[in-house]
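> Counting from 1, position 170 in the sequence shown corresponds to residue 179 in my numbering; the numbering is continuous, with no gaps. Note that the Cβ used here is the ideal one computed from N, Cα and C, for glycine as well. As the structure is a prediction and not an experimental result, all values here were calculated from the model.
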Amino acid sequence: MREEEKNTSKKTNIQRLKNRRWALPAIYIASAALILAGAFWMQNSYNDSADKSKEQSQTTGKGFKEPAVEVNSKLETIKMPVADSTDSVIKKQFYDAKADAKEQEAALVSYNNRFEPNKGIDIAMNDGKTFDVVASFSGNVTKVQDDALLGNLVEVEHDNGVVTRYQSITDIKVAVGDQVKQGQTIAKAGSSLINEEAGTHVHFEIRKDNVALNPQDYFEKQVSAIQSASDEKAASEKASSSDKSQSEENDQLDKNLDQSGEPGQILDGTDNETDGSSLDTSDEG
10 MREEEKNTSK KTNIQRLKNR RWALPAIYIA SAALILAGAF WMQNSYNDSA DKSKEQSQTT
70 GKGFKEPAVE VNSKLETIKM PVADSTDSVI KKQFYDAKAD AKEQEAALVS YNNRFEPNKG
130 IDIAMNDGKT FDVVASFSGN VTKVQDDALL GNLVEVEHDN GVVTRYQSIT DIKVAVGDQV
190 KQGQTIAKAG SSLINEEAGT HVHFEIRKDN VALNPQDYFE KQVSAIQSAS DEKAASEKAS
250 SSDKSQSEEN DQLDKNLDQS GEPGQILDGT DNETDGSSLD TSDEG
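1. Would you call residue 117 buried or exposed, if buried means 16 or more other Cβ atoms sit within 10 Å of its Cβ?
2. Name the one or two DSSP bridge partners that residue 131 has.
3. Please report the residue range of the alpha helix (DSSP H) in which residue 107 lies.
4. Since residue 193 and residue 130 are thought to touch, with beta carbons under 8 Å apart, how far apart are those beta carbons, to the nearest angstrom?
5. Can you tell which of 132, 201, 100 and 126 has its C-alpha closest to the C-alpha of residue 90?
6. What first and last residue would you give for the beta strand (DSSP E) that runs through residue 153?
7. Kindly indicate which three-state DSSP category residue 221 falls into: helix, strand or coil?
8. Okay, do the segment 92-101 and the segment 149-158 touch, 3+ Cβ pairs below 8 Å being the bar?
9. What whole-angstrom Cβ distance do residue 104 and residue 142 have, given they're in contact under 8 Å?
10. Just verifying my parser: in three-state terms, what is the DSSP assignment at residue 139?
11. Short of 8 Å in beta carbon distance, which residues of its chain neighbour residue 63, apart from the five on each side in sequence? Order them along the chain.
12. Check whether the segment 186-200 and the segment 107-121 touch, using three or more Cβ-Cβ pairs below 8 Å as the test.
13. Evaluate the contact criterion for the segment 201-219 versus the segment 162-182: three or more CB pairs, one atom per stretch, below 8 Å.
14. For the beta strand (DSSP E) containing residue 176, name the first residue and the last one.
15. Measuring alpha carbon to alpha carbon, tell me which of 138, 92 and 146 ends up nearest residue 207.
16. So, helix, strand or coil for residue 52, using DSSP?
17. I need the straight-line Cα distance from residue 229 to residue 235, nearest angstrom please.
18. Look up residue 227 in the DSSP assignment and say whether it is helix, strand or coil.
19. Just to confirm before moving on: does the CB-CB distance between residue 217 and residue 147 stay below 9 Å?
20. Would you decide whether residue 125 is buried or exposed? Buried here means 16 or more other CB atoms lie within 10 Å of its CB.
21. Quick check on DSSP: helix, strand or coil for residue 112?
22. Please classify residue 106 as buried or exposed, where buried requires at least 16 other C-beta atoms within 10 Å of its C-beta.
23. Can you say whether residue 128 is buried or exposed, counting buried as having 16 or more other CB atoms within 10 angstroms of its CB?
Written out as C-alpha cells, the structure reads:
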C-alpha cells in the first residue's frame, strides 16, 4: 500500500508541475543551457588541442626558412674540369719542383722567348675539338676576365682559401657572384697566346692561399684533402726551418770552440782566465 501511495504521489506532483505554465519552458531552457554548455566545452577542448599542435608544428619547423648550409660541397670529390674525361689528354703537366730535370723542362711554358713554370695542367681532347669546361667542384665565382694572353679566365672561390682557375676559355656562361655546382658548365675550351702549342684546351689550376698545387694530386679526393695537405706541408716546413736553425746554431758553436780552444768560456759565458798577480800570490804561499 505504501508503494502505491508513493507512486501515486509522484504522479500527482509531476502532473501538477506540468499544469503550471512556466514548467515546460523552464525545462526546455535548462536543457538547452546544458546542451550549449557541453558544446562550448567540447569546442574549447578542440581549440586547446589545435593550439598545442600548432605550437609543436612551429617549434618543429623553426628555421626551415633559414638558408641551408652548403655541406655537400665539402664532401665532393674533386673532378676533372671536363664533361667527358675519357677522351681527354693532358697537353702540359704541372711544374713540380721535386721532379727530375726532364719533367721540369717539359712543364715549362714558353712565350716571347721567356720560360715560365706551368702552374696548372693543360687539358685538351684527343680529337682537338672544343668541349665543355665544367666546375671541378662547387664554389662562388669571384672573377671573370677577358685576357688575350691567358685566353680569358674564370676564378671560383671555395672554403679555407682554396681557389680554382679556368683559363684559355671562350663563350663564358657565368658571372661574378654566381654560385656554381660541381659539373656545371662554365665555358667552352679555347686557346691562348701563352701556350699556343696546346691548341684548343683549358688551363686548370688549384690554389691554396695563392700557392699553386698540382691538380692531379687531388682528383678523386675530397676537398678536405687540400686543407690536410696544406697543414702537413706547413708543419713540415716549420720542422725543416727549426732543424736548419738548430744546425746553424751548432755550426756556429763548433766554430767558436775551434777558435777559442776553451769550451768552458763558451758554455758558461764567463771569463775563467786568472791574472798574473793571483798566480804569483799562489806561488808565494
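Let me lay it out:
1. Position 108 of the sequence shown, counted from the start, is the residue given in the question as residue 117. Classification for residue 117: exposed.
2. Locating residue 131 in the sequence shown gives position 122, where the first residue counts as 1. By DSSP's assignment, residue 131 forms a beta bridge with 101 and 212.
3. Against the sequence shown, residue 107 aligns to sequence position 98. Segment: none, residue 107 is in no alpha helix (DSSP H) and carries neither H nor E.
4. Translated into the one-based positions of the sequence shown, residue 193 becomes position 184. Translated into the one-based positions of the sequence shown, residue 130 becomes position 121. No, residue 193 and residue 130 are not in contact; Cβ-Cβ is about 20 Å, not under 8 Å.
5. To locate residue 90, count along the sequence shown from 1; it is residue 81. Taking only the C-alpha atoms, the option nearest residue 90 is 132.
6. Counted from its first residue, the sequence shown places residue 153 at position 144. Residues 148-154.
7. Within the sequence shown, numbered from 1, the residue matching residue 221 stands at position 212. Of the three classes helix, strand and coil, the one that applies to residue 221 here is strand, per DSSP.
8. no
9. By one-based count along the sequence shown, residue 104 stands at place 95. By one-based count along the sequence shown, residue 142 stands at place 133. Between the beta-carbon of residue 104 and that of residue 142 there is about 22 Å, and that puts the pair past the 8 Å contact cut.
10. Against the sequence shown, residue 139 aligns to sequence position 130. Residue state, collapsed to three classes: coil.
11. Position 54 of the sequence shown holds residue 63. Confidence at residue 63 is low in this model, with a pLDDT of 48, below 50, so the placement of that residue should be treated as unreliable; the coordinate-derived value is given next. For residue 63, where only same-chain residues beyond five positions count, there are no Cβ hits under 8 Å.
12. no
13. Result yes; three or more Cβ-Cβ pairs closer than 8 Å.
14. The sequence position of residue 176 within the sequence shown is 167, counting from 1. Residue 176 -> beta strand (DSSP E) spans 171-176.
15. As a working note, residue 207 is residue 198 in the sequence shown. Among 138, 92 and 146, the Cα nearest to that of residue 207 belongs to 138.
16. Translated into the one-based positions of the sequence shown, residue 52 becomes position 43. For residue 52, the three-state secondary structure derived from DSSP is helix.
17. Within the sequence shown, numbered from 1, the residue matching residue 229 stands at position 220. Within the sequence shown, numbered from 1, the residue matching residue 235 stands at position 226. The straight-line gap from Cα to Cα measures roughly 12 Å.
18. For this step, residue 227 is matched to residue 218 along the sequence shown. Coil, per DSSP.
19. Along the sequence shown, read from residue 1 onward, the residue named residue 217 stands at position 208. Along the sequence shown, read from residue 1 onward, the residue named residue 147 stands at position 138. No; because the gap between Cβ atoms is not below 9 Å, this pair is not in contact.
20. To locate residue 125, count along the sequence shown from 1; it is residue 116. Around the beta-carbon of residue 125, fewer than 16 other beta-carbon atoms lie within 10 Å, marking it exposed.
21. Within the sequence shown, residue 112 is the residue found at index 103, counting from 1. If DSSP states are grouped into helix, strand and coil, residue 112 belongs with the helices.
22. For this step, residue 106 is matched to residue 97 along the sequence shown. Label assigned to residue 106: exposed.
23. Looking up residue 128 in the sequence shown gives position 119. Buried, since its Cβ has 16 or more Cβ neighbours within 10 Å.
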